[in-house]
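Each residue of the sequence shown is one higher than the last, beginning at 264 in our numbering.
C-beta: ideal position from N, C-alpha, C; glycine also.
Bear in mind the structure is a predicted one, so any value in this text is a computation, not a measurement.
For reference, the structure is listed below as structure tokens.
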Amino acid sequence: MALRSARRRALAAAVQAALAAALPGAAAAANWEIDPWVGGAIGYIHNIELNPPDQRHSDDWVAEFEAGFDSDFRSQRFQGGLNYRFRYLDYFTENQFDSSFHNLNASGQVAVVEDLFFVRGGAFYRQALVDPSGGTSFGNYFSPDNVRDSWGWNVSPILNHDFGYATFNAQYTYGEVYFTDETASDFNDDSTYESAYVSLFNSDPRQKFSWRTFYSTSRTEYESFEPYRYDQTGIELGWAVTRDIRAIGEWGLESDLTESTTDGGLDVSYWYVGAIFEPDARNRLELRTGERFFGNTYFVSFRHRAKRVEVTASYTEEPSTNTGRRVALPDTPPGEIPPFPDFPDSGDTRAEPFLLERAALSVTVDGRMTVVQASLVDEDQTYFDTGREVDSLYGQVSATRELGPTLSARVWYSWRNREETRPASGTVARDTIDHVLAGRLTRDIGRDLSASLETAYQWRREQDQDWAEGWWIGLRVRKDF
264 MALRSARRRA
274 LAAAVQAALA
284 AALPGAAAAA
294 NWEIDPWVGG
304 AIGYIHNIEL
314 NPPDQRHSDD
324 WVAEFEAGFD
334 SDFRSQRFQG
344 GLNYRFRYLD
354 YFTENQFDSS
364 FHNLNASGQV
374 AVVEDLFFVR
384 GGAFYRQALV
394 DPSGGTSFGN
404 YFSPDNVRDS
414 WGWNVSPILN
424 HDFGYATFNA
434 QYTYGEVYFT
444 DETASDFNDD
454 STYESAYVSL
464 FNSDPRQKFS
474 WRTFYSTSRT
484 EYESFEPYRY
494 DQTGIELGWA
504 VTRDIRAIGE
514 WGLESDLTES
524 TTDGGLDVSY
534 WYVGAIFEPD
544 ARNRLELRTG
554 ERFFGNTYFV
564 SFRHRAKRVE
574 VTASYTEEPS
584 TNTGRRVALP
594 DTPPGEIPPF
604 PDFPDSGDTR
614 AEPFLLERAA
624 LSVTVDGRMT
634 VVQASLVDED
644 QTYFDTGREV
654 DSLYGQVSAT
664 RELGPTLSAR
674 VWYSWRNREE
684 TRPASGTVAR
694 DTIDHVLAGR
704 LTRDIGRDLS
714 ASLETAYQWR
724 REQDQDWAEG
734 WWIGLRVRKD
744 F
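In structure tokens:
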């Protein structure tokens with residue numbers, strides 16, 4: 264470990280020196296950590312196309328090479344992170360499936376004027392499904408013809424000032440999203456996203472009487488399709504009924520997207536009433552009900568944190584676009600980069616605004632030797648212009664266990680059920696179900712060197728077809744520097 268730490272410090276010092284030479288003083292007080300790594304794998308795949316039994320399928324050995332780095336940057340004014348991974352799959356016989364993949368996640372924030380003006384930003388490069396109803400691809404091994412690249416970025420200047428009794432906040436976000444191999448018939452397009460939010464609210468949340476007033480607007484522009492605009496303004500009032508319960512109400516104006524998804528404006532009124540129950544910092548429950556341009560609406564947010572257990576649950580109803588969802592600022596702190604997913608982005612990509620009804624549940628149990636995680640997400644997208652409806656149910660359960668000082672194991676099961684409904688008849692146009700069961704056994708075999716035995720079994724069905732199934736088994740090695 265001492266040698267590895269020395270390598271990290273040497274690499275970080277080299278990067279810091281280069282930045283200091285290019286931008287004198289910019290990196291003087293920075294803490295840089297860069298962890299490069301390389302790896303490789305050899306394995307066997309059954310049914311690469313993930314075709315049903317009555318169709319042709321391919322089996323083959325595949326060699327894999329991968330390399331990348333994880334990085335974290337901290338200073339008095341800046342915090343950020345950037346992770347990158349390159350993968351190359353070389354099939355022994357089925358050379359038409361040879362492919363390479365780039366993955367990148369970046370997030371950061373700089374305090375331009377401390378405690379007043381900040382700039383947040385991020386970027387991504389990943390794979391996405393060409394047809395969201397088509398087969399998902401564990402590790403990009405299966406259904407290679409249904410995978411393409413997607414990338415985007417966002418930047419958000421934020422002005423925040425506390426005047427003592429009231430706090431002013433203004434935020435603007437600009438982002439872009441791109442896809443490879445797009446055509447007009449795909450109903451998706453390269454796009455840009457803009458949003459602005461301005462609010463004034465009471466600074467002390469513990470006050471008996473609380474208030475907030477705001478205005479927000481969002482726009483999405485496409486190269487070949489109609490633009491989208493939505494505006495909203497409102498005022499929220501709260502009253503502490505007891506020490507733990509606060510009654511809240513909200514009234515305002517918003518765009519009526521059932522009349523026009525391109526004009527924006529403040530056409531119709533909306534309202535909410537509800538309550539917040541917050542007995543301590545570890546537990547919070549917020550419930551709201553009201554009426555908006557699309558009818559009755561509901562909002563639920565629940566959080567519970569204990570020593571080893573964390574539970575979150577939510578239900579929201581909001582208009583959105585697929586571009587806005589991809590470039591919106593994440594809920595995680597700046598610089599906190601999640602690991603690269605096991606699957607490509609399977610979200611819808613159509614250039615059409617929709618009402619998103621989203622229910623989510625997440626449970627994490629963090630034991631001394633074992634971590635168990637479970638999540639469930641139900642998303643119903645109703646498109647305003649065509650009436651098309653897409654209902655997607657995602658779930659995953661995983662367990663990670665430390666079996667010894669140098670041995671660990673992870674097992675996880677995930678599933679996705681996607682149902683698309685025809686606007687006119689209300690009948691189901693496409694109904695697909697995907698399941699994946701995977702496992703990985705990892706042993707440290709040397710200084711910063713590990714070996715993993717891994718396997719995955721994936722099975723899916725579309726409409727009334729027979730179940731299609733495929734599996735992968737392989738041996739992977741990784742060297743960290």
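Around the C-beta of F364, are 16 or more other C-beta atoms found within 10 angstroms, so that it is buried, or is it exposed? Counting from 1 along the sequence shown, the entry for residue 364 is found at position 101. Flag for F364 reads buried.
Quick check: the region 317-335 against the region 352-366, are at least 3 beta-carbon pairs closer than 8 Å? yes
Close-in-space but distant-in-sequence residues of the same chain around Q552 (CB under 8 Å, 5 per side omitted): Residue mapping note: residue 552 aligns to position 289 of the sequence shown, counting from 1. Note that residue 552 is Thr in the sequence shown here, rather than Gln. Y535, V536, G537, N559, T560, Y561 and F562.
So, under 8 Å CB-CB, G737 and G306 are touching, yes? Tell me the CB distance rounded to an integer number of Å. In the sequence shown, residue 737 corresponds to position 474, counting from 1. In the sequence shown, residue 306 corresponds to position 43, counting from 1. Contact flag correct, Cβ pair sits at about 2 Å.
Which residue wins for smallest C-alpha separation from N314, given the options M632, F405, A623 and D526? Within the sequence shown, residue 314 is the residue found at index 51, counting from 1. Taking only the C-alpha atoms, the option nearest N314 is F405.
Decide yes or no for the touch test of the region 647-663 against the region 358-377: beta carbon pairs closer than 8 Å, at least 3 of them. no
Residues in the same chain with beta-carbon distance under 6 Å from K742, minus the five sequence neighbours each way, listed in chain order, please. In the sequence shown, counting from the first residue as 1, residue 742 sits at position 479. So the list reads V301 and L712, once near-sequence residues are dropped.
Anyone know if the C-beta pair for V373 and F341 falls short of 8 Å? Numbered from its first residue, the sequence shown carries residue 373 at position 110. Numbered from its first residue, the sequence shown carries residue 341 at position 78. Yes, the Cβ-Cβ distance between V373 and F341 is below 8 Å.
What separation, rounded to the nearest whole angstrom, lies between the Cα atoms of V590 and S661? To locate residue 590, count along the sequence shown from 1; it is residue 327. To locate residue 661, count along the sequence shown from 1; it is residue 398. Computed Cα separation, rounded: 27 Å.
Here's the rule: buried if 16 or more other CB atoms are within 10 angstroms of the residue's CB, otherwise exposed. What is L286? Taking the first residue of the sequence shown as position 1, residue 286 is located at position 23. Residue confidence for L286 is low, a pLDDT of 42 falling below 50, so the modelled location carries little weight; the figure read from the coordinates is stated next. With fewer than 16 other Cβ atoms within 10 Å, it is exposed.
Cut-off 6 Å between Cβ atoms - residues of its own chain near L670, not counting five sequence neighbours on either side: Translated into positions along the sequence shown, residue 670 becomes position 407. Correct list, in chain order: R706.
Let me confirm a value: S609 is counted as buried when at least 16 other C-beta atoms fall within 10 Å, else exposed. Which label applies? Mapped onto the sequence shown, residue 609 falls at position 346. That one is buried.
When you compare the CB positions of E517 and E499, do they come within less than 8 Å of one another, or not? Stepping through the sequence shown from its first residue, residue 517 is reached at position 254. Stepping through the sequence shown from its first residue, residue 499 is reached at position 236. Not in contact: E517 and E499 (Cβ atoms no closer than 8 Å).
I311 vs D323 beta-carbon contact at 8 Å: In the sequence shown, the residue the question calls residue 311 occupies position 48. In the sequence shown, the residue the question calls residue 323 occupies position 60. Cβ distance < 8 Å, so I311 and D323 count as in contact.
Please specify which runs of the beta strand (DSSP E), each continuous and at least 3 residues long, are wholly inside the region 439-482, giving them in chain order. 454-465
Buried/exposed call for D452, threshold 16 Cβ in 10 Å: What you label residue 452 is simply residue 189 of the sequence shown in a count that begins at 1. Classification of D452: buried, given that the 10 Å Cβ count is 16 or more.
Does the beta-carbon distance from L548 to F540 come in below 8 Å? Along the sequence shown, read from residue 1 onward, the residue named residue 548 stands at position 285. Along the sequence shown, read from residue 1 onward, the residue named residue 540 stands at position 277. Yes, the Cβ-Cβ distance between L548 and F540 is below 8 Å.
Does the separation of the CB atoms of V813 and E682 fall below 8 Å? Residue 813 lies beyond the residue range present for the chain, which begins at 264 and ends at 744; the question has no answer from this structure.
Does at least one heavy atom of the ligand SAM sit under 7 Å from the Cβ of T627? What this structure holds is no ligand at all, so the ligand SAM is not there to describe.
Do Q644 and D594 have their C-beta atoms closer together than 8 Å? Mapped onto the sequence shown, residue 644 falls at position 381. Mapped onto the sequence shown, residue 594 falls at position 331. Going by C-beta atoms, Q644 is not nearer than 8 Å to D594.
Going by DSSP in three states, D743 sits in which element: helix, strand or coil? The residue labelled residue 743 in the question sits at position 480 within the sequence shown. Correct three-state label for D743: strand.
Coarse secondary structure for P420, derived from DSSP in three states: If you number the sequence shown from 1, residue 420 lands on position 157. In this structure, P420 counts as strand in the three-state DSSP scheme.
Would you mind reading off the limits of the alpha helix (DSSP H) that contains T586? Taking the sequence shown and counting its residues from 1, the one referred to as residue 586 is at position 323. Residues N585 to V590.
Starting from E554, trace the beta strand (DSSP E) in both directions and tell me its first and last residue. Looking up residue 554 in the sequence shown gives position 291. Residues N546 to R555.
Straight-line gap, H567 to V640 (C-alpha atoms, nearest Å): Counted from its first residue, the sequence shown places residue 567 at position 304. Counted from its first residue, the sequence shown places residue 640 at position 377. Going from the Cα of H567 to the Cα of V640 covers about 18 Å.
Would you mind stating whether F381 and A429 have Cβ atoms separated by less than 8 Å? Position 118 of the sequence shown holds residue 381. Position 166 of the sequence shown holds residue 429. For F381 and A429, no; Cβs fall outside 8 Å.
Given a cut-off of 8 Å, decide if R693 and E725 are closer than it, judged by their beta-carbon atoms. As a first step, residue 725 is located in the sequence shown; it is residue number 462 there, counting from the start. As a first step, residue 693 is located in the sequence shown; it is residue number 430 there, counting from the start. Cβ atoms of E725 and R693: closer than 8 Å.
Which of the three DSSP states, helix, strand or coil, is assigned to P582? Numbered from its first residue, the sequence shown carries residue 582 at position 319. In the structure shown, P582 sits in a strand (DSSP, three-state: E or B).
Among P601, A623 and L619, the one whose alpha carbon lies nearest that of F647: For the purposes of this step, residue 647 is taken as the residue at position 384 of the sequence shown. When each option's Cα is compared against that of F647, the closest is L619.
Closest by CA to A544, which one among G331, E599, D605 and R469? One-based indexing of the sequence shown puts residue 544 at position 281. Closest option to A544, Cα to Cα, is R469.
Compare the C-alpha of D467 against each of Y578, S577 and A503 and name the closest. Numbered from its first residue, the sequence shown carries residue 467 at position 204. Answer by Cα proximity: A503.
Just list the residues that DSSP pairs L670 with in beta bridges. The residue labelled residue 670 in the question sits at position 407 within the sequence shown. BP columns for L670 point to G667 and R706.
By DSSP, does G402 sit in helix, in strand, or in coil? Taking the first residue of the sequence shown as position 1, residue 402 is located at position 139. Here G402 sits in helix by DSSP.
Verify whether the separation of the beta carbon atoms of N368 and P601 is less than 8 Å. Here residue 368 corresponds to residue number 105 of the sequence shown, with the count starting at 1. Here residue 601 corresponds to residue number 338 of the sequence shown, with the count starting at 1. Against a cut-off of 8 Å, the Cβ pair of P601 and N368 comes out as a contact.
Reduced DSSP secondary structure (H/G/I, E/B, other) of E732: Here residue 732 corresponds to residue number 469 of the sequence shown, with the count starting at 1. DSSP places E732 in strand when its eight states are reduced to three.
Reference F488; option with closest CA among Y460, S454 and D317: Counting from 1 along the sequence shown, the entry for residue 488 is found at position 225. That would be S454, whose Cα lies nearest to the Cα of F488.
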